[in-house]
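Q: Just passing along the structure, written as C-alpha cells.
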Amino acid sequence: MEKKWEEMSSDEKQEALFARWISPEGVKFVSPEAEKAYRERTTRFKNALQLKKKPDRVPVLLIPSFAPAYYSGLTPYDVMYNYDKIAAAWKKFSLDFQADSHGGCAVPSPGKFLEILNFRLYKWPDHGVSKKTTYQAIEGEYMKADEYDILINNPLYFFYYIWPSRVFGALEPIATLPHLSCLTEMYGVAVPFFYYGTPPVKAAYQALLEAGDEALKWIQVVGGFDVEMPSLGFPAHQAGPTKAPFDVIGDTLRGTKGIMLDMYRQPDKLLQAMEVLTPMFIQLGVGAAKMAGNPLIFMPLHKGADGFLSDEQYKKFYWPTLRKVIMGLVDEGCFPFIWAEGGYNSRLEVIRDLPKGKTAWLFDLTDMAKAKKALDGIACVAGNMPMDLLTVGTTQEAIDHTKRLIDICGKGGGYIMANGAFFDEVKWENLKAIVDTVKKYGVYK
Amino acid sequence: MATDLVSALADLKEKEALKIVEDRLNAKEDPLKILDNARRAMEIVGKRFADSEYFIPDLVYSGEILKAITEMVKPKLSKAAEAKRVGKVVFGTVAGDIHDIGKDIVVFMLDVNGFEVYDLGVDVPAQKFVQKIKESGAPIVGLSGFLALAFDSMKQTIEAMKAAGLRDKVKVMIGGGQMSDEIRKYTGADAYGKDAMAGVTLAKKWAGAG
Numbered sequence: 123m124e125k126k127w128e129e130m131s132s133d134e135k136q137e138a139l140f141a142r143w144i145s146p147e148g149v150k151f152v153s154p155e156a157e158k159a160y161r162e163r164t165t166r167f168k169n170a171l172q173l174k175k176k177p178d179r180v181p182v183l184l185i186p187s188f189a190p191a192y193y194s195g196l197t198p199y200d201v202m203y204n205y206d207k208i209a210a211a212w213k214k215f216s217l218d219f220q221a222d223s224h225g226g227c228a229v230p231s232p233g234k235f236l237e238i239l240n241f242r243l244y245k246w247p248d249h250g251v252s253k254k255t256t257y258q259a260i261e262g263e264y265m266k267a268d269e270y271d272i273l274i275n276n277p278l279y280f281f282y283y284i285w286p287s288r289v290f291g292a293l294e295p296i297a298t299l300p301h302l303s304c305l306t307e308m309y310g311v312a313v314p315f316f317y318y319g320t321p322p323v324k325a326a327y328q329a330l331l332e333a334g335d336e337a338l339k340w341i342q343v344v345g346g347f348d349v350e351m352p353s354l355g356f357p358a359h360q361a362g363p364t365k366a367p368f369d370v371i372g373d374t375l376r377g378t379k380g381i382m383l384d385m386y387r388q389p390d391k392l393l394q395a396m397e398v399l400t401p402m403f404i405q406l407g408v409g410a411a412k413m414a415g416n417p418l419i420f421m422p423l424h425k426g427a428d429g430f431l432s433d434e435q436y437k438k439f440y441w442p443t444l445r446k447v448i449m450g451l452v453d454e455g456c457f458p459f460i461w462a463e464g465g466y467n468s469r470l471e472v473i474r475d476l477p478k479g480k481t482a483w484l485f486d487l488t489d490m491a492k493a494k495k496a497l498d499g500i501a502c503v504a505g506n507m508p509m510d511l512l513t514v515g516t517t518q519e520a521i522d523h524t525k526r527l528i529d530i531c532g533k534g535g536g537y538i539m540a541n542g543a544f545f546d547e548v549k550w551e552n553l554k555a556i557v558d559t560v561k562k563y564g565v566y567k
Numbered sequence: 003m004a005t006d007l008v009s010a011l012a013d014l015k016e017k018e019a020l021k022i023v024e025d026r027l028n029a030k031e032d033p034l035k036i037l038d039n040a041r042r043a044m045e046i047v048g049k050r051f052a053d054s055e056y057f058i059p060d061l062v063y064s065g066e067i068l069k070a071i072t073e074m075v076k077p078k079l080s081k082a083a084e085a086k087r088v089g090k091v092v093f094g095t096v097a098g099d100i101h102d103i104g105k106d107i108v109v110f111m112l113d114v115n116g117f118e119v120y121d122l123g124v125d126v127p128a129q130k131f132v133q134k135i136k137e138s139g140a141p142i143v144g145l146s147g148f149l150a151l152a153f154d155s156m157k158q159t160i161e162a163m164k165a166a167g168l169r170d171k172v173k174v175m176i177g178g179g180q181m182s183d184e185i186r187k188y189t190g191a192d193a194y195g196k197d198a199m200a201g202v203t204l205a206k207k208w209a210g211a212g
C-alpha cells in the first residue's frame, strides 16, 4: 500500500512530486512523439536538478517577460487587453524556439482588472507607460514604518484589509472594516455589518465583483495554456512562485529605501516580521506544488544581490529567513528553483549551507566558473545567458558564449541553460541559436 | 557618545549626530561650519562605499541623516551657502524606464562629491536631455536605465544630442541593470560605469577634478 503524505520522508515526497510531474494525470498527449518528448524533458530536468544521474544532455529553459508578445508582433498593451491573444503568442514562442519547458503565460496581467481596481503598485501599458512598454513597479512605502506590529501580530488582517486598501485605489474603503472576531453571540451580531451597507464599502465590493469576473476570463486563458502545453510535449518548469521574506518587505511593502532604514532604525521589528512571513511563504510554494503535481517552485531573489547588502547584513537580515523558506519547501518535497537576479558572487559561500541536491540556483550576472565551483555537488546551477548578447550581440557570439557556459558548468551534469534576466524584445536569431547550440553541443556522451 | 559630528555622521550614528547639531545650533555656532563637517563626513561615507566597507543601505541611511541635518541647519543660514562645485552633470533615467533607485544613488554620490547635478527624473525623453544640456552647459551627461528597453532609449538620446550639435561638447556615461561595455558601444556612449563610484570616478576624470 502507498504511504500517506504525512508518513513520507522529504526525499519520498520529492520523488512523489517528480513522479506526478513526469507522468501527469489527465494529460491527453497529441501524439506518441509529444508524450515521448514530455517524458524525456521532465526526466532530463530531474537528473540535472537532483545531481544523482547525468542527464542525456544539458536542459534548456527560457523565462521570457513579454518576449512572446513582441515575437508575434504584439505590444504588451495588446496582450494585457486582449486575453485571447496571449495563449496563441505564448504557444507560438514555445513551438518555434523549442526549449525544454514552458513557464506559463501569466506575465501579461489583465489590464481591465487593473483598471477596475485602480492598481497603484505598477505603471502598465497606456497607464503611465506607453503601450509598447512593459509594466514597471512604483517604489513606495505601501506599508508605513510604524505598521510592523500590525503585520507581526495580525498578518492575515494586514494582507486582507490594509494591503489591498493601499495598492488598489478602488478598495480604499475596506480599510475601515472592523474585525469580525466579536461575533460569538446573538447580541450585537449585526453591529459590525452596518459598514457593509455604506456606499463607499458597497462600491468597493462592487469593484471586487467586477474585477473577479475579469480575472476569471483571464485565468481561463492562462489555465487553458497550462493544460495544452504538456499535451504538446512541454512540461511547466514551475508550479508557482514564492519569495524571500526580505524581498517581500523590501520590494513592495516598505520599499528599498524603507527596508534599508528599518535595518538601522528598527532591526528587531524587521527580523520579527520576516519570521512571521516565513511560514506563509513556505505554504505558498507547498500549496502550489501539491496542486500542480510539480515540485519546482521559483524564487526570484532581488535585494540580497551583490552591492545591495554587506556580507554581515546579508547574513543577519536576508539569508536566515530565505534559508528557512527554502528548507520548509524542501521538507515538503518541493524543489526550490532560486533565481538570483543581479550578481551573487559575494553570496556563494553563504548559500553553500544547504543540503545536497535539493535546490537549483539560476544566476543572472554571477561569475559562472565561481558559482559552479562553489556549488559543485551541492546544487544544480543554471542561467547566465546575458541580456547584452541576446540584444546586441552577434549570433556567433551567442553561440560561443553558450558553448563556453556548457564547458564551464556542464561537466558531469548539474547545469541548466537559461537566460539570466527576464527578456522582452531580443534578437530572435540569437535566442534560437542558443537553444540549438545546447541541443548539439550539450549532449552528454 | 561621540561629540564629533564628522565621526558621528560617518559612523551612521543618527541620534548622536542630530543631538550634536542641535547642541551646536543652540550654542549659536556658525551653521556653515556644521555643514562643512557634514560634508567631510559624507566624503568618508563615500570613501567607505568605494572601499566596499559600506553598501547601499549605509549610503541610503547616511543620506537620510544628512537630509535631517540640512533641514535643521537651513533656517539658521543668513544666505544660501555657496558650496564649491567641481562640475555640472545632467542626469536621468531614459525614456520608457521609470526605475530610480540606481539613478538616485549615483546622483547622491555625485552631489556629495561636489558636483552640481541636474536630475531630470525618470522616463526622460531625449529632447529633455538636449534642452537641459543646452540650458546648463553641463559637459557631463549620465544616462540611467534598468530595463533592456533602455538600450534603445539611450541610443536615441545620444543620437538626439548629435542632431542638436551637442555630442562633441559632452561626455556621456551609462549605467544600471543590464548595462555593459557591449551596450555602451551599441548606444554610442563614452563610458559605462558599473556602480555609483565608477560614475563618480568618470565624472571627476571628465571634469578634470580627479
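Sequences listed follow chains F and G, in order.
Quick note on the working numbering: the first sequence kicks off at 123 and runs consecutively.
Quick note on the working numbering: the second sequence kicks off at 3 and runs consecutively.
We put the beta carbon where it would ideally sit given N, CA and C, even for glycine.
1) How about leucine 239 of chain F and alanine 329 of chain F: are their beta carbons less than 8 Å apart?
2) Would you tell me roughly how many angstroms separate the C-alpha atoms of glutamine 180 of chain G and alanine 209 of chain G, rounded to the nearest one?
3) Determine which residues of the region 229 to 252 of chain F have a Cβ less than 9 Å from any Cβ of chain G, and write them out in chain order.
4) Does the region 60 to 80 of chain G come within contact of the region 450 to 459 of chain F, defined as at least 3 CB pairs closer than 8 Å?
5) In chain order, what residues of the same chain lie with their CB nearer than 7 Å to the CB of alanine 159 of chain F, ignoring the 5 residues before and after it?
6) Flag this pair as yes or no: are the beta carbons of leucine 11 of chain G and serine 64 of chain G separated by less than 8 Å?
7) Measuring CA to CA, which of G:Asp125, G:Ala29, G:Glu16 is closest to histidine 220 of chain G?
8) Between the region 331 to 339 of chain F and the region 380 to 394 of chain F, are three or more C-beta pairs nearer than 8 Å?
9) According to DSSP, is glycine 450 of chain F helix, strand or coil?
10) Residue ranges of each beta strand (DSSP E) run of no fewer than 3 residues wholly in the region 189 to 265 of chain F, ordered along the chain?
11) List, in chain order, every chain G residue whose beta-carbon is nearer than 9 Å to that of alanine 543 of chain F.
12) Would tyrosine 194 of chain G pass as an interface residue toward chain A - the criterion being a Cβ-Cβ separation below 8 Å?
13) Along the chain, where does the alpha helix (DSSP H) containing serine 146 of chain G start, and where does it finish?
14) Within the same chain, show all residues whose beta-carbon is closer than 6 Å to that of serine 317 of chain F, passing over the 5 residues directly before and after it, in chain order.
15) What residues of chain F sit near glutamate 73 of chain G, judged by a beta carbon separation below 9 Å?
16) Pick out the complete beta strand (DSSP E) segments inside the region 465 to 525 of chain F, 3 residues or longer, and give them in chain order.
17) To the nearest angstrom, how far is it from the Cα of glycine 212 of chain G to the Cα of valine 172 of chain G?
18) May I ask you to report which of helix, strand or coil DSSP gives alanine 337 of chain F?
19) By the DSSP assignment, the alpha helix (DSSP H) with tryptophan 143 of chain F in it spans what residues?
20) For lysine 339 of chain F, collect the residues of the same chain with a Cβ closer than 8 Å to its Cβ; drop the 5 residues on either side in sequence, then sort them by chain order.
21) Ignoring anything shorter than 3 residues, give me the beta strand (DSSP E) runs that lie fully in the region 119 to 176 of chain G, in order along the chain.
22) Taking a cut of 7 Å between CB atoms, which residues from the region 393 to 408 of chain F lie near chain G?
23) Under DSSP, the beta strand (DSSP E) around lysine 90 of chain G begins and ends at which residues?
24) Within the continuous beta strand (DSSP E) that includes methionine 421 of chain F, where are the two ends?
25) Tell me the rounded alpha-carbon separation between alanine 1 of chain G and valine 62 of chain G.
26) Taking the straight line between their C-alpha atoms, what separation do you get for tryptophan 461 of chain F and phenylalanine 347 of chain F?
27) Please say whether aspartate 197 of chain G and glycine 429 of chain F have beta carbons closer to each other than 8 Å?
28) So valine 289 of chain F contacts chain G; which residues on that side make the cut at Cβ distance below 8 Å?
29) Classify phenylalanine 215 of chain F as buried or exposed, calling it buried when 16 or more other Cβ atoms lie within 10 Å of its own Cβ.
30) State yes or no: is the beta carbon of phenylalanine 153 of chain G nearer than 8 Å to at least one beta carbon in chain F?
31) Considering just the uninterrupted stretch of the alpha helix (DSSP H) at tryptophan 285 of chain F, what are its terminal residues?
32) Nearest by alpha-carbon distance to lysine 567 of chain F: which of F:Gly534, F:Tyr283, F:Glu137 is it?
33) Verify the contact flag: phenylalanine 356 of chain F, CB atom, against every heavy atom of the ligand COA, threshold strictly below 7 Å.
34) So for glycine 362 of chain F, helix, strand or coil by DSSP?
35) Which value, in whole angstroms, describes the spacing of the CA atoms of isoleucine 341 of chain F and isoleucine 208 of chain F?
36) How far does the alpha helix (DSSP H) with phenylalanine 544 of chain F in it reach, from first residue to last?
A: In brief:
1) As a working mapping, residue 239 of chain F is identified with position 117 in the first sequence. As a working mapping, residue 329 of chain F is identified with position 207 in the first sequence. Yes, Cβ-Cβ distance for leucine 239 of chain F and alanine 329 of chain F is below 8 Å.
2) Position 178 of the second sequence, counted from the first residue, corresponds to residue 180 of chain G. Position 207 of the second sequence, counted from the first residue, corresponds to residue 209 of chain G. Taking the straight line from one Cα to the other gives about 26 Å.
3) Lys245, Gly250, Val251, Ser252
4) no
5) By 1-based counting over the first sequence, the position of residue 159 of chain F is 37. Counting only Cβ-Cβ distances below 7 Å, and skipping sequence neighbours, we find Gly355.
6) Here the question's residue 11 of chain G lines up with position 9 in the second sequence. Here the question's residue 64 of chain G lines up with position 62 in the second sequence. Yes.
7) What the structure shows of chain G is the stretch from 3 to 212, and residue 220 of chain G is not part of that stretch, so it cannot be assessed.
8) no
9) Within the first sequence, residue 450 of chain F is the residue found at index 328, counting from 1. Note: glycine 450 of chain F maps to helix in three-state DSSP.
10) 244 to 247
11) Indexing the first sequence from 1 puts residue 543 of chain F at position 421. The contacting residues are Ala150, Gly179, Gln180.
12) Here chain A cannot be found, since the structure's protein chains are F and G.
13) Mapped onto the second sequence, residue 146 of chain G falls at position 144. Serine 146 of chain G -> not in any alpha helix (DSSP H); beta strand (DSSP E) instead, spanning 142 to 146.
14) Here residue 317 of chain F refers to the residue found at position 195 of the first sequence. Checking the sequence, you will find tyrosine at residue 317 of chain F rather than serine. The answer, listed in chain order, is Leu299, Val323.
15) The residue labelled residue 73 of chain G in the question sits at position 71 within the second sequence. Chain F residues near glutamate 73 of chain G: none, gap ~16 Å exceeds 9 Å.
16) 482 to 485, 502 to 505
17) By one-based count along the second sequence, residue 212 of chain G stands at place 210. By one-based count along the second sequence, residue 172 of chain G stands at place 170. The predicted model places glycine 212 of chain G with a pLDDT of 49, which falls under 50 and marks its position as unreliable; any figure quoted below should be read in that light. So the two alpha carbons sit approximately 17 Å from each other.
18) By one-based count along the first sequence, residue 337 of chain F stands at place 215. Three-state result, alanine 337 of chain F: helix.
19) Locating residue 143 of chain F in the first sequence gives position 21, where the first residue counts as 1. Counting along the chain, the alpha helix (DSSP H) containing tryptophan 143 of chain F begins and ends at 132 to 144.
20) Taking the first sequence and counting its residues from 1, the one referred to as residue 339 of chain F is at position 217. So the qualifying residues of the chain are Tyr205, Pro232.
21) 142 to 146
22) none
23) In the second sequence, the residue the question calls residue 90 of chain G occupies position 88. Start and end: 89 to 95.
24) For this step, residue 421 of chain F is matched to residue 299 along the first sequence. That run of the beta strand (DSSP E) goes 418 to 423.
25) Only positions 3 to 212 of chain G appear in the structure, and residue 1 of chain G is not among them; the question remains open.
26) Along the first sequence, one-based indexing puts residue 461 of chain F at 339. Along the first sequence, one-based indexing puts residue 347 of chain F at 225. Rounded to whole angstroms, tryptophan 461 of chain F to phenylalanine 347 of chain F spans 23 Å at the Cα level.
27) Within the first sequence, numbered from 1, the residue matching residue 429 of chain F stands at position 307. Within the second sequence, numbered from 1, the residue matching residue 197 of chain G stands at position 195. Contact flag set, yes.
28) Working through the first sequence from its first residue, we reach residue 289 of chain F at position 167. Going along chain G, no residue has its Cβ under 8 Å from valine 289 of chain F, so there is no contact; the nearest lies around 17 Å.
29) Here residue 215 of chain F refers to the residue found at position 93 of the first sequence. Counting Cβ neighbours within 10 Å, phenylalanine 215 of chain F comes out buried, since at least 16 surround it.
30) The residue you call residue 153 of chain G lines up with position 151 of the second sequence. Cβ-Cβ to chain F under 8 Å: yes for phenylalanine 153 of chain G.
31) Counting from 1 along the first sequence, the entry for residue 285 of chain F is found at position 163. Run containing tryptophan 285 of chain F: 285 to 289, per the alpha helix (DSSP H) assignment.
32) Counting from 1 along the first sequence, the entry for residue 567 of chain F is found at position 445. When only C-alpha atoms are compared, the closest one is F:Gly534.
33) Among the ligands in the structure shown, none appear at all, so the ligand COA cannot be discussed.
34) Taking the first sequence and counting its residues from 1, one reaches residue 362 of chain F at position 240. Three-state DSSP puts glycine 362 of chain F in a strand.
35) The sequence position of residue 341 of chain F within the first sequence is 219, counting from 1. The sequence position of residue 208 of chain F within the first sequence is 86, counting from 1. Cα-Cα distance, rounded: 11 Å.
36) Walking along the first sequence from the start, residue 544 of chain F turns up at place 422. Here phenylalanine 544 of chain F belongs to no alpha helix (DSSP H), and DSSP marks it neither H nor E.
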